[in-house]
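Enquirer: All the letters of the sequence shown, read from the start, carry residue numbers 11 to 94 under my numbering. I'd like to ask some things about the structure below.
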Amino acid sequence: MKANSGVIRSYLAVYHFGEVMGVLLIETQHGLSERTGALAIHILNIYANQLGLLYKSRLDPLTELLNKQTIDKKVIEIVSVIAF
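See the structure below:
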């Protein structure tokens, strides 16, 4: 936490499998309570896990390459942009 001209800044790291994938900056007039900070960290962890699941759902589990559905969506997206 840092205080600057009446504004308190709290930095919360977002972790996914032990690696930092981002940082959330919260600016408030009052410092975050320990309970509020812990709640924010848990919500961020849920969000990071959801992003990981969405990423993995696009991959074939055997080859770790893009699955057919994802490739089809990308091809349609590219073709529709070129058509217009």
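C-beta: ideal position from N, C-alpha, C; glycine also.
Using the three-state DSSP reduction, which class does glycine 28 fall into: helix, strand or coil?
Expert: If DSSP states are grouped into helix, strand and coil, glycine 28 belongs with coil.
Enquirer: Would you report the Cα separation of isoleucine 92 and lysine 83, rounded to the nearest angstrom?
Expert: Straight-line Cα distance between these residues: approximately 14 Å.
Enquirer: Could you give the first and the last residue of the continuous alpha helix (DSSP H) run that contains glycine 16?
Expert: From DSSP, glycine 16 is part of no alpha helix (DSSP H); its letter is neither H nor E.
Enquirer: Please classify leucine 54 as buried or exposed, where buried requires at least 16 neighbouring CB atoms within 10 angstroms.
Expert: Counting Cβ neighbours within 10 Å, leucine 54 comes out buried, since at least 16 surround it.
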